[in-house]
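S.K.: Take a look at the following structure, please.
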Amino acid sequence: MAKILCVEDSKEFQLYLGGVLREHNLVYSTSIREALRLAEVSHDSFDLIILDISLPDGNGMRALPQLNEFFGDRPIPIVVISGDSDVLTKVAAFGVGADDYISKPPNSSELRARIEARLRWSRLQTANRNRVAMGNLQLDIEQMAVQMNVDGNSKSLDLTPCEFKILRLLMARPGQVFSREHIVERIWGIGKYVTFRTIDAHISHLRRKLSQSSVGIETVLSAGYKAVLKDCSLN
27 MAKILCVEDS KEFQLYLGGV LREHNLVYST SIREALRLAE VSHDSFDLII
77 LDISLPDGNG MRALPQLNEF FGDRPIPIVV ISGDSDVLTK VAAFGVGADD
127 YISKPPNSSE LRARIEARLR WSRLQTANRN RVAMGNLQLD IEQMAVQMNV
177 DGNSKSLDLT PCEFKILRLL MARPGQVFSR EHIVERIWGI GKYVTFRTID
227 AHISHLRRKL SQSSVGIETV LSAGYKAVLK DCSLN
């Protein structure tokens with residue numbers, strides 16, 4: 027049984043979803059604000075998100091980037107369900123982070139099949155969560171160990187727990203910019219006070235330890251940091 031966040035304000039469609047996906051635990055939200063709050067405080071417990079576009083406080087697609095950001099290194103499928111079947115709307119949804127797009131009213135069998143397919147993908151990602159790889163680096167999550175391959179030889183990198191967690195966060199989403207605020211929340215927890223200078227110091231130490239790696243940490247001015255392959259970096 028999966029736990030699914032359903033962002034849908036129509037009571038009728040909520041009942042429909044509950045009937046079609048009755049073997050799963052559905053948590054309902056009727057607004058963008060409420061969905062973001064639930065995702066922020068319970069991001070570790072959801073396995074999939076069903077997101078309507080037409081919500082009382084705006085277009086649901088506005089929430090897609092932030093929802094993806096909340097789940098950080100545990101990406102989960104986000105399925106948009108909307109009465110808008112326009113191709114440009116679908117393209118826009120995929121462009122801002124949707125994993126699937128289903129037009130209303132959906133066929134119940136097709137809806138169930140597509141949700142189950144996305145859940146299988148999610149479970150596969152979860153099964154592979156113990157290892158994160160990028161370039162010539164491989165992270166063992168359980169052991170908090172980093173192996174770097176140089177000229178066919180494997181070398182261990184000695185990272186502090188904070189350095190490891192920051193590197194894991196960045197490598198899980200290559201190219202995605204993580205603000206310092208987001209790094210603090212994901213590594214130390216919401217409400218913890220950690221100065222930006224502390225984050226910058228950890229990044230500086232990481233860069234020195236990654237000097238022989240193909241993975242680099244790039245600064246995005248006034249935005250934050252992202253993991254890049256050095257061959258692709260402008261720095």
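Per this note's numbering, residue 27 is the first one in the sequence shown, and the count goes up by one each step.
Using N, Cα and C, we set each Cβ at its ideal position, and we do this for glycine too.
Since the model is a prediction, treat every value here as computed from it, not as a measurement.
(1) Per DSSP, which residues does residue 202 bridge with? Please list them.
(2) Tell me, to the nearest whole angstrom, how far the beta carbon of residue 168 is from that of residue 156; I am working on the premise that it is less than 8 Å.
(3) In this structure, does DSSP put residue 112 in helix, strand or coil?
(4) What would DSSP say about residue 252, mapped onto helix, strand or coil?
(5) So what does DSSP say about residue 49, is it helix, strand or coil?
(6) In three-state DSSP terms, what is residue 226?
(7) Rounded to whole angstroms, what is the Cα-Cα separation between residue 38 and residue 178?
(8) What residue range does the beta strand (DSSP E) around residue 88 cover?
(9) With 16 as the cutoff for other CB atoms within 10 Å, does residue 105 come out buried or exposed?
(10) What are the residues that DSSP puts in a beta bridge with residue 71?
(11) Just the C-alpha distance for residue 85 and residue 113, rounded to the nearest angstrom, thanks.
(12) From residue 79 to residue 57, what distance separates their C-alpha atoms?
(13) Between residue 183 and residue 174, how many whole angstroms is the CB-CB distance? I'm expecting something under 8 Å.
(14) How would you call residue 94, buried or exposed, if buried means at least 16 neighbouring beta carbons within 10 angstroms?
(15) Cα separation between residue 212 and residue 256?
(16) Mind checking residue 258: buried by the 16 CB within 10 Å criterion, or exposed?
(17) Pair every Cβ in the stretch 240-251 with every Cβ in the stretch 185-204, then say whether three or more of these pairs are closer than 8 Å.
(18) Could you check the C-alpha separation between residue 96 and residue 192 for me, to the nearest Å?
(19) Nearest to residue 111 by alpha carbon, out of 120, 150, 65 and 130?
(20) In whole angstroms, what separates the C-alpha of residue 197 from that of residue 159?
(21) Sorted by chain position, which residues of the same chain lie with C-beta nearer than 6 Å to residue 29's C-beta, five sequence neighbours on each side aside?
(22) DSSP on residue 187, reduced to helix/strand/coil?
(23) Near residue 127, what residues of its chain come up, given a Cβ to Cβ distance below 6 Å and the 5 sequence neighbours on each side ignored?
M.R.: Inspection of the coordinates gives the following:
(1) None, per the DSSP bridge assignment.
(2) In this structure residue 168 touches residue 156 by the C-beta definition: roughly 5 Å separates them, less than 8 Å.
(3) Note: residue 112 maps to coil in three-state DSSP.
(4) Correct three-state label for residue 252: strand.
(5) In this structure, residue 49 counts as coil in the three-state DSSP scheme.
(6) In the structure shown, residue 226 falls within a helical segment according to DSSP collapsed to helix, strand and coil.
(7) One C-alpha to the other measures close to 59 Å.
(8) Run containing residue 88: none; DSSP gives neither H nor E here.
(9) The residue in question, residue 105, is buried, as its Cβ has 16 or more Cβ neighbours within 10 Å.
(10) Its beta-bridge partners do not exist; DSSP assigns none.
(11) Going by the C-alpha atoms only, they are around 16 Å apart.
(12) About 10 Å.
(13) So it is a contact: roughly 6 Å between Cβ atoms.
(14) With a threshold of 16 other beta carbon atoms within 10 Å, residue 94 meets it and is buried.
(15) About 25 Å.
(16) Interpretation of residue 258 is limited by its pLDDT of 44, a score under 50 that renders its predicted location unreliable; the figure taken from the coordinates is listed afterwards. It counts as exposed.
(17) Cβ pair count under 8 Å is three or more, so yes.
(18) Rounded to the nearest angstrom, the gap between the Cα atoms of residue 96 and residue 192 is 15 Å.
(19) Distances from the alpha-carbon of residue 111 to those of 120, 150, 65 and 130 put 130 closest.
(20) Cα to Cα, the separation comes out at about 7 Å.
(21) Same-chain partners within the cutoff: 51, 71, 72 and 73.
(22) Helix.
(23) Counting only Cβ-Cβ distances below 6 Å, and skipping sequence neighbours, we find 106, 116 and 119.
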